[in-house]
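Residue numbers (the UniProt record's numbering): 2 to 106. Beta carbons are placed, not taken as given, at the ideal position from N, Cα and C, and that holds for glycine. Working notes, structure below.
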Ligand code: FES
């Protein structure tokens with residue numbers, strides 16, 4: 002699954018991740034700055050906050066209730082905000098574009 006992470010300053014990172022892993026794991030494994038994934042993907046730290054590119058919001062879907070609750074602790078939350086550890090990568094998401102908030106630059 003090909004993914005693009007775009008930092009707040011515009012630097013983009015193309016990474017490739019196996020299906021079934023999460024977007025956070027893909028970022029951490031490839032050293033994408035700005036995605037810390039402090040809690041290891043347990044939806045408990047909000048350091049993996051990303052904005053889903055508009056074209057992809059429909060495919061990625063809505064955050065779960067638990068994720069919604071944790072997003073309250075993230076800064077600069079927008080309607081397209083998701084926690085990248087809760088985005089499970091499937092073939093459908095090939096080409097997904099995720100942007101990082103300013104605070105995670
Ligand atoms: Fe901690 Fe996603 S890695 S909430």
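Please state the DSSP three-state secondary structure of residue 56. The three-state reading of DSSP puts residue 56 in helix, counting H, G and I together.
Taking the alpha carbon of residue 103 as the reference point, which residue from 91, 22, 30, 51 has its own alpha carbon closest? Comparing Cα-Cα distances from residue 103 to each of 91, 22, 30, 51, the minimum goes to 51.
Among residues of its own chain, excluding the 5 on either side of residue 64, which ones have a beta-carbon nearer than 8 Å to its beta-carbon? Within its own chain, the residues whose Cβ lies closer than 8 Å to the Cβ of residue 64, once the five positions on either side in sequence are excluded, are 72, 82, 83, 84, 87, listed in chain order.
For residue 37, the first and last residue of its enclosing beta strand (DSSP E): If you look at residue 37, you'll find it isn't in any beta strand (DSSP E); DSSP assigns it neither H nor E.
Just to confirm before moving on: does the CB-CB distance between residue 97 and residue 29 stay below 9 Å? Not in contact: residue 97 and residue 29 (Cβ atoms no closer than 9 Å).
Can you find the residues in the same chain that come closer than 7 Å, C-beta to C-beta, to residue 93, ignoring five residues on each side of it along the sequence? Closer than 7 Å at Cβ, skipping near neighbours: 60.
The alpha helix (DSSP H) that contains residue 29, what's its start and end? First-last of the alpha helix (DSSP H) with residue 29: 24 to 30.
Just checking, does the region 9 to 18 make contact with the region 40 to 59 on the three C-beta pairs under 8 Å criterion? Verdict: no, contact absent.
So, under 8 Å CB-CB, residue 48 and residue 38 are touching, yes? Tell me the CB distance rounded to an integer number of Å. Between residue 38 and residue 48 the Cβ distance is about 6 Å, and since that is below 8 Å, they are a contact.
CA-CA distance, residue 6 and residue 33? In this model, residue 6 and residue 33 are separated by some 8 Å (Cα to Cα).
Here's a check: name, in chain order, each residue in its chain whose Cβ is nearer than 7 Å to the Cβ of residue 8, leaving out the five neighbours to either side. For residue 8, where only same-chain residues beyond five positions count, the Cβ hits under 7 Å are 34, 35, 101, 106.
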